[in-house]
Every structure is written in C-alpha cells, then in structure tokens.
Ligand code: ZN
Ligand code: FE
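Residue numbers (my numbering): 484 to 739.
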C-alpha cells in the first residue's frame with residue numbers, strides 16, 4: 484500500500500498544521516489546523532479534498548480552524564474524548580488504543596497527557612508517521628499546563644517505544660530554541676551537537692526542522708533522556724529517579 488503523502492502547512496508564527504493524503508482513496512486529513520485559510524489554500528494548490536481533521540488537543544492554536552474547515556468541506560473532526568467539550572465540532576471521540584481510518588490508512592491513538600490532560604497522538608504505522616502535537620517536540624516537549632511531570636514522562640516513554648525510524652511530526656517549529664536549551668543540559672552530547680548544527684543550517688536555508696526521527700530524538704532530546712546515565716551525570720542529578728530528573732529539566736526549561 485502506498486504511504487501517506489504529508490505536506491507541511493506553516494501557520495501563525497511557529498505552528499505546523501499537516502495535510503496527510505492517502506493516494507489510494509484520495510482521503511485527506513488536516514492535523515491541528517489553527518486557522519482555516521492556509522489549509523484551504525494548500526488543499527487547493529495540491530488538488531486534495533479534505534475528509535478529516537485530526538486534533539491532538541484542545542488549545543486554540545490546534546483547533547481554531549475546525550469549524551470553518553468543516554463548513555467549507557464537510558469533513559469529519561476526530562479529537563480526544565477527554566477534551567470533546569472543548570474541541571469545536573468534534574464528530575469522532577478517540578482515546579488510547581483506538582484506530583482511526585483515513586481512507587486506506589490507519590492511525591493508532593495514544594493517550595499522552597501532560598501538556599493537557601486529554602492530549603492524544605496519532606501513529607500511522609505503515610507510513611512511519613507520528614503526529615504528536617505539543618507532547619513531544621524536536622529536542623523538546625510541551626509545557627505542563629494541565630498534567631504532572633509523572634504523566635508527561637510516562638507519555639514520552641510511550642512515544643519513545645515506537646520504532647526508531649518513526650518520523651516525528653510535532654506541531655511547532657521550536658527546534659532551534661530547544662537546541663540552545665538542550666546544549667545547556669548535555670553540552671558534551673555529540674549527537675545533540677550534530678543535530679544543533681543541522682538545525683541551524685536548515686533554519687538558515689528557511690527549511691523546516693520537522694520531521695525528525697525517533698532515533699535522533701532518543702539520542703539528543705533531553706526530555707527523552709531523563710533515565711540516561713550520561714544525562715544524569717551531566718546534570719548532577721545522580722541518585723534521582725527518572726521522574727524527578729525529568730521534572731527538574733522541565734523546570735529549567737520553563738525559566739530558560
Ligand atoms: Zn498546546
Ligand atoms: Fe501549540
């Protein structure tokens with residue numbers, strides 16, 4: 484089966500919505516459309532017809548375009564069951580382990596609380612694509628607005644367990660600032676230094692740093708490495724458990 488074709492739709496100052504298109508059936512999903520205009524323009528340019536919206540969480544910079552897109556295209560809106568009351572126009576409520584069909588393509592839903600309590604991620608195994616919203620960023624993770632460090636660490640562990648080649652489509656272009664912070668945590672991490680160089684070059688060329696691969700994130704993202712001996716040593720947190728290390732790195736990032 485052919486893989487999903489995935490297009491970035493840059494929105495607002497640093498959001499990415501994505502269009503995920505199944506070439507076999509023509510079905511197309513918009514992931515986290517903050518506003519409708521740029522999504523409609525991209526659909527028009529690509530000649531794709533919107534059939535679904537996939538929302539990862541209820542923040543306005545992820546659901547703001549829902550109603551206008553639904554009115555314009557008649558698409559079905561898929562969102563977290565736990566956030567159904569705050570997700571505009573939701574038709575299909577999903578949670579951990581549910582399967583969502585976009586034409587001939589199937590996504591598995593993961594519950595990944597922390598940034599919000601009902602945050603979900605969508606994993607298209609056959610296309611090796613993970614849409615993780617504001618749970619996992621390249622070289623970072625979402626702020627703990629609603630959930631606890633313990634919840635977020637367990638959510639990130641769930642995502643970290645996906646195959647190495649998984650493409651991480653996060654919802655923001657934050658990688659450059661995340662790299663600056665990550666280097667304060669693990670200044671000696673060679674994989675991180677290489678990724679930071681690469682990120683600088685991509686941004687200089689005006690290119691997105693997303694998607695990255697899960698392999699790259701596991702090697703360089705401090706928030707996926709709270710149980711790694713190198714990071715624990717570098718941060719001087721020896722003897723602390725992973726949740727405490729994770730919570731401390733998250734605190735440092737909040738005031739970076
Ligand atoms: Zn958010
Ligand atoms: Fe966001």
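We treat Cβ as the ideally placed atom computed from N, Cα and C, and that holds for glycine.
These numbers come from a predicted model, not from an experiment.
Look at the Cβ atom of residue i, then the Cβ atom of residue j, and state whether they are nearer than 8 Å.
{"i": "residue 613", "j": "residue 657", "result": "no"}
{"i": "residue 519", "j": "residue 566", "result": "no"}
{"i": "residue 725", "j": "residue 671", "result": "no"}
{"i": "residue 607", "j": "residue 661", "result": "no"}
{"i": "residue 591", "j": "residue 576", "result": "no"}
{"i": "residue 598", "j": "residue 630", "result": "yes"}
{"i": "residue 615", "j": "residue 539", "result": "yes"}
{"i": "residue 505", "j": "residue 557", "result": "no"}
{"i": "residue 585", "j": "residue 688", "result": "no"}
{"i": "residue 555", "j": "residue 523", "result": "yes"}
{"i": "residue 521", "j": "residue 489", "result": "no"}
{"i": "residue 534", "j": "residue 553", "result": "no"}
Under a three-way DSSP split, which group does residue i fall into?
{"i": "residue 553", "result": "helix"}
{"i": "residue 545", "result": "helix"}
{"i": "residue 712", "result": "helix"}
{"i": "residue 594", "result": "strand"}
{"i": "residue 739", "result": "coil"}
{"i": "residue 646", "result": "coil"}
{"i": "residue 727", "result": "helix"}
{"i": "residue 516", "result": "coil"}
{"i": "residue 538", "result": "coil"}
{"i": "residue 506", "result": "coil"}
{"i": "residue 488", "result": "strand"}
{"i": "residue 632", "result": "helix"}
{"i": "residue 641", "result": "helix"}
{"i": "residue 526", "result": "helix"}
Kindly give me the distance between the Cβ atoms of residue i and residue j, rounded to whole angstroms, as I take these residues to be in contact under 8 Å.
{"i": "residue 654", "j": "residue 545", "result": "6 Å"}
{"i": "residue 705", "j": "residue 638", "result": "The pair is not a contact, with the Cβ atoms about 16 Å apart (cut-off 8 Å)."}
{"i": "residue 509", "j": "residue 532", "result": "6 Å"}
{"i": "residue 680", "j": "residue 714", "result": "Not confirmed; about 20 Å, so no contact."}
{"i": "residue 626", "j": "residue 527", "result": "About 34 Å separates the two Cβ atoms, so there is no contact after all."}
With a threshold of 6 Å on Cβ separation, who are the neighbours of residue i within its own chain once the five nearest residues in sequence on each side are excluded?
{"i": "residue 702", "result": "674"}
{"i": "residue 739", "result": "664"}
{"i": "residue 537", "result": "512, 514, 561 and 605"}
{"i": "residue 611", "result": "648, 649 and 650"}
{"i": "residue 569", "result": "541"}
{"i": "residue 682", "result": "658, 659, 662 and 692"}
{"i": "residue 729", "result": "632, 636 and 709"}
{"i": "residue 601", "result": "563, 565 and 566"}
{"i": "residue 571", "result": "546, 549 and 550"}
Given residue i, which residues of its chain have a CB within under 7 Å of its CB, disregarding the five upstream and five downstream residues?
{"i": "residue 498", "result": "517, 544, 654 and 655"}
{"i": "residue 594", "result": "578, 579 and 603"}
{"i": "residue 628", "result": "598 and 599"}
{"i": "residue 695", "result": "621 and 651"}
{"i": "residue 666", "result": "675 and 679"}
Between which residues of its own chain and residue i is the CB-CB distance below 8 Å, once the five residues before and five after are set aside?
{"i": "residue 693", "result": "491, 499, 621, 651, 652, 653, 656 and 658"}
{"i": "residue 589", "result": "582, 583, 607, 608 and 609"}
{"i": "residue 643", "result": "697, 700, 701 and 707"}
{"i": "residue 720", "result": "727, 728 and 731"}
**Message:** If we require 3 or more residues per run, which beta strand (DSSP E) segments fall completely within the segment 564 to 617?
**Reply:** 575 to 577, 582 to 585, 588 to 594, 603 to 607 and 612 to 616
**Item:** alpha helix (DSSP H) runs contained entirely in the segment 656 to 721, provided each spans 4 or more residues
**Value:** 658 to 668, 673 to 687, 697 to 703 and 712 to 718
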